[in-house]
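These notes concern the structure reproduced below.
Residue numbers (our numbering): -10 to 246.
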C-alpha cells in the first residue's frame, strides 16, 4: 500500500482542488474554448518527461559508481591483508580506516544537508599516508599500485558527491511546478468545450484525474531527485555498498572455526 501512497502529498490535494474549482468556475460562467493539445505537450509533458528521465539517469549512474567504489575499497584492503610482510597491527589499522571511510561517506550521502565530506576527505588523507612504503612491508611498485587504487576511490567518492549536490535543473523544476498549478485554468475550458453535452460529474472526474496523474509524475520525479536520502522506495540501498569485511583477527577466527 505504501508504494501507492508515496506519490500523494500536499501538492496532490492542491492540484485536485484547483481542478475542481476550475471546472466549477467554467461551468458557472459558461466559459469554454477549443485549444490545441500541443500546448500541453510543450508546456508540461516535455519538461516533465525530461526531469524524470534525468533523475533516473542520475540514479543509475550513482549505482554504477557505488559498485566501483566498493570494489576499489575491497581491492585495496585485500591487497594489503594478503601481504605477509605487513604486521597485524598495521592491517588492523588499514581495516579500521576503510570501514571508517565507508561509514562516513554512506552517512554523508544519506544526510539531506550533505554534511561530513570534510571527515571523508580527512580519512582519505590518512589512507594515503598508510600506502607509503615503510619497513619494507610495502615495496615501491606495490605502493604505486595502491596509490592508483586510492585515486580510483577518491574519484568515485567525488563523483558521487557531485551527483548528490547537483541534481536536475532547479529552475526547470520550478517552472514545471508553476505550470502544473496554472494548467487546470488553461486545460479545463477546453475540456468543458469538448464535453459540453456530457454529464457535469464526468467533467469534474476527468479533470481531477488529469491533474492527479500529472502531479503524481512530478512527485515521482521529486522522490527520485535524491536517490541517497532513503526517503523513497526507489532510493539506492546504500547499506548494500558499505565495506563490511571482517578484520584480520575476525577473519582468522572464522577460518579456524
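Don't be surprised by glycine CBs; every beta carbon is placed ideally from N, CA and C.
| query | result |
| --- | --- |
| Residue 68 - containing alpha helix (DSSP H), residue span | 35 to 70 |
| Cβ-based burial, residue 30 [other Cβ within 10 Å; buried from 16] | exposed |
| Sequence-distant residues of the same chain with beta carbon closer than 6 Å to residue 212, five excluded per side | 221 |
| Residue 3 versus residue 13 - alpha carbon distance | 15 Å |
| Length of the line joining the Cα atoms of residue 7 and residue 107 | 46 Å |
| Alpha-carbon spacing of residue 225 relative to residue 44, whole angstroms | 13 Å |
| Whether residue 192 touches residue 184 by CB criterion (8 Å) | yes |
| The alpha helix (DSSP H) enclosing residue 74, as first and last residue numbers | No alpha helix (DSSP H) contains residue 74, which DSSP labels as neither H nor E. |
| Best match in 90, 230, 25 and 95 for proximity to residue 110 [C-alpha to C-alpha] | 90 |
| When 197, 159, 228 and 144 are compared against residue 37, the one with the closest alpha-carbon | 159 |
| 7 Å Cβ shell around residue 232 - same chain, five flanking residues per side excluded | 59, 62, 63, 87, 88 and 91 |
| Alpha-carbon spacing of residue 49 relative to residue 164, whole angstroms | 25 Å |
| Exposed unless 16 or more other CB atoms sit within 10 angstroms - verdict on residue 251 | Nothing about residue 251 can be reported from this structure: the residues present for the chain run from -10 to 246 only. |
| Whole runs of the beta strand (DSSP E) within the segment 145 to 185, excluding any shorter than 3 residues | none |
| Where the alpha helix (DSSP H) through residue 219 begins and ends | Neither: residue 219 is in no alpha helix (DSSP H) and is coded neither H nor E. |
| Own chain residues within Cβ distance below 7 Å of residue 197, not counting five before or after | 5, 8 and 9 |
| Proximity below 8 Å, CB of residue 205 to CB of residue 32 | no |
| Proximal residues to residue 179 (C-beta, below 7 Å), its chain only, five neighbours per side dropped | 22, 23 and 24 |
| C-alpha gap between residue 55 and residue 1, whole angstroms | 33 Å |
| Residue 142 in three-state terms, based on DSSP | helix |
| Coil, strand or helix - residue 232 by DSSP | coil |
| Residue 214 vs residue 151 beta-carbon contact at 8 Å | no |
| Collapsed DSSP secondary structure at residue 190 in the structure displayed | helix |
| Member of 78, -1 and 66 whose CA lies at the smallest distance from the CA of residue 170 | -1 |
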